[in-house]
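Listed in order, the protein sequences are those of chains A and B.
This note's numbering applies: residue 1 is where the first sequence begins, and numbers increase by one.
This note's numbering applies: residue 1001 is where the second sequence begins, and numbers increase by one.
Glycine included, each C-beta is placed from N, C-alpha and C at the ideal position.
Number of protein chains: 2
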Amino acid sequence: MTNPTAAMLVIGDEILSGRTRDSNMHHLAQELTRIGISLREVRVVADVHDEIVAALRALSPAFTHVFTSGGIGPTHDDITADAVAAALRAKIGQRADAMALLQAHYDRAGLPFNEARQRMARIPEGATLIDNPVSIAPGFTLGNVHVMAGVPNIFQAMVASVLPKLTGGPPLLSQSLRVARGEGEIAGPFGALAAEYPDLSMGSYPFLQNGAHGTNLVIRGTDPARVDEAMVRLTRLFG
Amino acid sequence: MTNPTAAMLVIGDEILSGRTRDSNMHHLAQELTRIGISLREVRVVADVHDEIVAALRALSPAFTHVFTSGGIGPTHDDITADAVAAALRAKIGQRADAMALLQAHYDRAGLPFNEARQRMARIPEGATLIDNPVSIAPGFTLGNVHVMAGVPNIFQAMVASVLPKLTGGPPLLSQSLRVARGEGEIAGPFGALAAEYPDLSMGSYPFLQNGAHGTNLVIRGTDPARVDEAMVRLTRLFG
């Protein structure tokens, strides 16, 4: 049984310039792992139409799902919706369902539903809206591309709207062992153990604490019995 | 005058599984911006030879520099050096200069220089070593690809070793204005201002604080006089 795969596309000059530290990647990675969808690649590109289109055309056919973050607000640098439409060759315009949502929201707030705000109703034809309980302006799913906001609390709310609708695989389990030895000391037997379990992924993550070398050894897989068995072997080697 | 460009390739299952939160991207982004090298794209891929090779073959010809992080330790999942050699069609083996560095290090520490540790001396032919003052095992530069460790303090030390050797462009300046209004309110005039300054990059980053919408408006460019001039205009609009 294999797991569905995913890629993420982060759209944002502010990440690439170092102004903002991205946190959406880490959140999505954890959520996908939990439901058994395997995040295989992440790309971060600038707010440039052609770069977004090129990335989507590479990622969309290669993975079960593509998740994007950023660039769906009301300002001139919010170009994601149009780029997604172009990449997937869909038409785009202000859609009545999104217009109605936003109109009602700004009416309630007593704010003008001006031209800039109406930009957020630009949704490709054939797309399904993604619910945004935080600030109403919706994301959308077009084909296998899920388009979400970049602001972390809105991104997280949209992820919570989308993921329950997707079919996951068996959960990706992980167990780890913390060893007070450097990687160079355990690498030989650890590598030999990994070779005996080609169906599992074994990784080692070194750290320095109070000047002493240590390593976290992690075993990942979808079959609980296999992960347990390998973990027993690992603990016998280094525990 | 244009700025040199850069891409980053983060290699690591642990980032994609959500086990570890990457911090190297943010550090590199800030350091490159400081010296006037424009980070244009980041990719995160798993510890899979073919995926690393494919990413390097896409990125290396497209940017002035490529920086990688992760996968250069002594364990079986450390495959970056071999993948870089394959991508750039260089030979690779244990190199005498790296062997000598590591042998001296382990001799001083009274630790065996075993087979796993000798893996860290696998450096492609023609590569220049990158100094690692933290734990000795070097990174390397091959062509325009700078290969560095994933452990954040070692990554940062290697970045500090490499960047002074590179030719930057004019520093990428940035000024920002914090406005207590939502994006939808300022988007129209802000977009019109951005259109008047095609040589500058203007971005808006919304936030919610105590339930109220606000926006950080950021102007970026390399010409200080132009950035100042646009900032005066921006402040007059929304200050």
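- Between the alpha carbons of B:Pro1189 and B:Val1162 lies a gap of roughly 42 Å.
- For the segment 1035-1049 of chain B, the set of residues with a beta-carbon nearer than 9 Å to any beta-carbon of chain A comprises Ser1038, Leu1039, Arg1040, Glu1041, Val1042, Arg1043, Val1044, Val1045, Ala1046, Asp1047 and Val1048, in chain order.
- Note: B:Thr1128 is bridge-paired with B:Thr1141 in the DSSP secondary-structure output.
- A distance below 8 Å between beta-carbons, with the five flanking residues on each side excluded, links B:Val1066 to the following residues of its chain, in chain order: Ala1006, Ala1007, Met1008, Leu1009, Leu1056, Leu1059, Ser1060, Asn1144, Val1145 and His1146.
- Within chain B, no residue has its beta carbon less than 8 Å from that of A:Leu101; the closest one is some 14 Å off.
- Here A:Pro133 carries a coil assignment [DSSP, helix/strand/coil].
- For A:Ala121 and A:Thr141, the gap between their C-alpha atoms comes out near 14 Å.
- In chain order, Ser17, Gly18 and Arg19 make up the part of chain A whose C-beta sits under 9 Å from the C-beta of B:Gln1030.
- The criterion of a C-beta distance shorter than 8 Å is satisfied by A:Ile219 and A:Gln175.
- Around A:Pro224, the same chain offers Leu173 as residues with beta carbons nearer than 8 Å, after the five sequence neighbours per side are excluded.
- Under a 10 Å Cβ-count criterion, B:Val1151 is classified as buried, with 16 or more other Cβ atoms of the shown protein chains found around its own Cβ.
- In the DSSP assignment, A:Pro198 is bridged to no other residue.
- Short of 8 Å from the beta carbon of B:Asp1082, and not among the five residues preceding or following it, lie these beta carbons of its own chain, in chain order: His1049, Ile1092 and Arg1122.
- Identification of chain B residues near A:Glu183 by a Cβ-Cβ cut-off of 7 Å yields Gly1073, Pro1074 and Thr1075, ordered along the chain.
- Contact check between the segment 70-84 of chain A and the segment 1191-1204 of chain B: three or more CB pairs, one atom from each, fall below 8 Å, which counts as touching.
- In terms of Cα proximity to B:Ala1137, the closest of B:Glu1031, B:Ala1098, B:Met1231 and B:Gly1221 is B:Ala1098.
- Using a Cβ-Cβ cut-off of 8 Å, B:Arg1117 counts as an interface residue toward chain A, since at least one Cβ of chain A sits closer than that to its own.
- The beta carbon of B:Ala1212 sits no closer than 8 Å to any beta carbon of chain A.
- DSSP places B:Met1025 in the uninterrupted alpha helix (DSSP H) bounded by Asn1024 to Ile1035.
- In this structure, the alpha-carbon of A:Ala96 lies about 11 Å from that of A:Glu125.
- Nearest to A:Ser38 by C-alpha distance, out of A:Gly191, A:Met158, A:Gly169 and A:Ala192, is A:Gly169.
- Taking CB atoms only, B:Pro1198 has no neighbour in chain A less than 8 Å away.
- Close to chain A, meaning a Cβ-Cβ distance shorter than 7 Å, is no residue of the segment 1059-1072 of chain B at all.
- Ranked by how close their Cα comes to the Cα of A:Asn153, the residues A:Glu183, A:Gly70 and A:Tyr106 have A:Gly70 in first place.
- For B:Thr1235, the enclosing alpha helix (DSSP H) stretches over residues Pro1224 to Phe1238.
- The beta-carbon of B:His1026 is placed less than 8 Å from the nearest beta-carbon of chain A.
- At least one C-beta of chain B is nearer than 8 Å to the C-beta of A:Arg220.
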